[in-house]
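This report refers to the structure that appears directly beneath it.
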Amino acid sequence: MGISRRSALKAMASVTATSAVSAISARPAAAAEAPADAVGMLYDTTLCIGCKACVVACADANDRERDTAWSEGKWQAPVDLNQHTRNIIKLYVDGPTRSFVKQQCMHCIDPACVNACMLGSLQKREFGIVTYEASLCTGCRYCQMACPYNIPKFEWTKAFNPKISKCELCNHRLAEGKEPACCEVCPREAVIYGTRADLLAEAHRRLEAHPDRYVPKVYGEFDAGGTQVLYLSHVPFEQIGLPDIGPRSVPETQRSLQHGIYQWFAAPVALYGVLAAVMLRHRAKQGNETAGNADGGQP
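Right, here's the structure in full:
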């Protein structure tokens, strides 16, 4: 006894649905953890006076061209991160409420830029620092699109072989036993360098000692899977440009979705199910047209 077209379609739909449901309920990949030797920075908005000594020191330490576009060549005054500027101080103003905020690479524990980089020009290396190897970069800018903090910047002004620019936590200075230039020159110690574990302990100590001074949270402890650059603030983090993106990193979310889609060949089964349905429908249509033509040709 042959199987009908309708029965075949129902069977394929059932297999596809079962595979898809099983895939969606599959256990997601485990979250990444900070390296045991992870280092980073802690920035405290309540201590920053906006002197921008860190901006100048960063440019000096990393041999960056001065960004004088806004001042028409008069002085170094970047308005945002760009191909020349890897570290910047911005000002948030809302009526009487004001806050400076330091922006640079967050050195994520599970970096979206590293996950997006096709040839490994961005890598998480010693001490958990996200480093950049220009010789491997193709200029695809996938890292720019992937980063939830909008950090990597492209050399738009270069017509030949443009590259990406981002903070590398002065890893060349760390190799010499020094600390990042921005931390070294800060007159108020608004940004300090250390191991991530020690910085977290210090951040929580400040929160406990002065609960009325801060938003009760260490930004970067869990955000986006955790970062090695941490923040304390007296105004909501979203208002100073630190997005509320939850505890899951971008790569973790991506991996869990991919794991769900491809678990037990859910995607191929679904695709073949759709193709089979289209083929059966097309054949049935052709059969009906042939039968109609045959009937119409009889006397």
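Residue numbering for the sequence shown follows this note's numbering, starting at 1007 and increasing by one per position.
The beta carbon of each residue, even a glycine, is placed where N, CA and C say it ideally should be.
Keep in mind that this is a model prediction, so the values were computed, not measured.
Terminal residues of the alpha helix (DSSP H) in which residue i lies
| i | result |
| --- | --- |
| D1204 | R1202 to A1215 |
| L1180 | N1177 to L1180 |
| V1045 | Here V1045 belongs to no alpha helix (DSSP H); instead the beta strand (DSSP E) covers V1045 to D1050. |
| V1120 | A1118 to A1122 |
Reduced DSSP secondary structure (H/G/I, E/B, other) of residue i
| i | result |
| --- | --- |
| Y1148 | helix |
| I1055 | coil |
| Q1245 | helix |
| F1133 | helix |
| G1231 | helix |
| C1189 | helix |
| R1033 | Annotation note: pLDDT 43 at R1033 (below 50); position unreliable, coordinate value reported separately. R1033: coil per DSSP, three-state reduction. |
| A1023 | With a pLDDT of 44 at A1023, under the threshold of 50, the predicted position of this residue should be treated as unreliable, and no value is reported. |
| K1016 | Its pLDDT being 48, under 50, K1016 is placed unreliably in this model, and the value from its coordinates should be taken loosely. The answer is helix: DSSP assigns K1016 an H, G or I state. |
| T1103 | strand |
| S1141 | helix |
| V1197 | strand |
| L1238 | strand |
| P1305 | Note that P1305 scores a pLDDT of 46, beneath 50, so its modelled location is shaky; the value from the coordinates is reported in the next line. The answer is coil: DSSP assigns P1305 none of H, G, I, E or B. |
| L1286 | helix |
Integer-rounded CB distance, given that residue j should sit under 8 Å from residue i
| i | j | result |
| --- | --- | --- |
| C1054 | F1106 | 4 Å |
| Y1148 | A1165 | That belief does not hold up - the Cβ atoms of Y1148 and A1165 are roughly 21 Å apart, past 8 Å. |
| Y1220 | R1212 | 7 Å |
| Q1089 | K1159 | 5 Å |
| L1236 | E1227 | 7 Å |
| D1073 | P1084 | 4 Å |
| A1196 | D1050 | 5 Å |
| R1191 | A1063 | Per the sequence shown, the amino acid found at residue 1191 is Val instead of Arg. With 8 Å as the limit, V1191 and A1063 qualify as a contact, their Cβ atoms being about 4 Å apart. |
Residue environment, residue i, which counts as buried when at least 16 other CB atoms sit within 10 Å
| i | result |
| --- | --- |
| F1243 | buried |
| A1029 | At A1029, the pLDDT of 40 sits below 50, so the modelled position is not reliable and the matter cannot be decided from this model. |
| A1187 | buried |
| H1178 | exposed |
| N1167 | exposed |
| R1092 | buried |
| V1061 | buried |
| E1258 | buried |
| P1034 | Its pLDDT being 44, under 50, P1034 is placed unreliably by the model, and nothing is read from it. |
| V1099 | exposed |
| L1142 | exposed |
| G1134 | buried |
| E1174 | buried |
| S1255 | buried |
| A1042 | exposed |
Residue j beta carbon less than 8 Å from that of residue i
| i | j | result |
| --- | --- | --- |
| I1115 | E1214 | no |
| Q1109 | K1130 | no |
| T1233 | H1113 | yes |
| C1146 | M1124 | yes |
| I1170 | Y1138 | yes |
| I1198 | M1047 | yes |
| A1075 | G1231 | no |
| A1059 | P1193 | yes |
Unbroken beta strand (DSSP E) run spanning residue i, endpoints
| i | result |
| --- | --- |
| D1066 | Where D1066 is concerned, there is no enclosing beta strand (DSSP E), although the alpha helix (DSSP H) it sits in stretches over A1059 to A1067. |
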